[in-house]
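Student:
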Amino acid sequence: MGRVGLEAFQLARRIFLAGEKVDVGALATELAVDRTTLFRWVGNRDQLLEEVIRSLNVASWRRALSLVPGAGPARVAGVLSVWIEDVATAEFFRSYLRREGTRALRLLTTSDGLHQARVVDDIERLLVTDLEESEEAGTPWTPPMEVHDLAYVVCRIAESFVYSDLITGEEPEPRKAATAIGAILGLRLQSGSALDPCMFFAPRG
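Numbering (full-length UniProt numbering), first residue to last: 1 to 205.
1) Grouping DSSP H, G and I as helix and E and B as strand, with all else coil, what is residue 126?
2) Candidates 49, 43 and 38: which alpha carbon is nearest residue 14's?
3) Quick check: residue 158 and residue 71, are their CB atoms within less than 8 Å of each other?
4) Closer than 8 Å by C-beta to residue 148: which residues in its own chain qualify, once you throw out the five before and the five after it? Chain order, please.
5) Inspect the beta-carbon positions of residue 59 and residue 79 and report whether they are closer than 8 Å.
6) DSSP on residue 164, reduced to helix/strand/coil?
7) Does DSSP classify residue 134 as helix, strand or coil?
8) If residue 12 sits next to residue 31, beta carbons under 8 Å apart, how far is it from one beta carbon to the other, in whole angstroms?
9) Give every residue of the same chain whose Cβ lies closer than 8 Å to the Cβ of residue 205, excluding the five residues on either side of it in the sequence, and list them in chain order.
10) Give me the Cα-Cα distance between residue 46 and residue 139, rounded to the nearest whole angstrom.
11) Can you list, in chain order, the residues of its chain whose CB lies under 7 Å from that of residue 203, leaving out five sequence neighbours each side?
12) Taking 8 Å as the cut-off, decide whether the C-beta atoms of residue 41 and residue 61 are in contact.
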């Protein structure tokens, strides 16, 4: 990325985390470079925002993986639920969505940006890894559809509830996303349970 690119990324990330708008012109001024130089190192504003959001999403994803033990569909659902809650309740992210609305949705949920494809890949890797580990542990399970398709469906469910205030005007509901994902995996959310990453789902019974 180079020194200028790294400094621009780090500054943009701090601004984003503070809940403020990332302005490329202001970044160039702060870094004492012209906009052409900045563009050469980090791309346009949307590309820079994608990388900032990606870095934060990876951190949330790793946290979810570390918090939920075990293997099998219950762990998959737990990891996804912790991750969705992190994203849906992050105030800096809500600020971004409120501020940029339709433009943010276009960047995050369509092929205009890389974000959705990256999230689908993350979910697909989670599924593939868990299927392999469950097989090795002697507790194999069968996903309800082809893994890539399942990853895409889960991603769209997450989007529906994380961005619901922009799509339908309703408040974001991480628990509803968790319930829907659990249902697809043949699980149910424990009645009255809090968003506990370790005991999140129980088999239907």
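By construction, the Cβ of each residue, glycine as well, lies at the ideal position given by its N, Cα and C atoms.
Tutor: Taking the definition as stated:
1) helix
2) 49
3) no
4) 120 and 124
5) no
6) helix
7) helix
8) With a Cβ gap of about 10 Å, residue 12 and residue 31 do not count as contacting.
9) Reliability of the predicted coordinates at residue 205 is poor, the pLDDT of 44 falling under 50, and no value is obtained from them.
10) 43 Å
11) Summary for residue 203: the model assigns pLDDT 48, below 50, so the residue's position carries little reliability; its value from the coordinates is reported in the next sentence. Here the set comprises 187.
12) no
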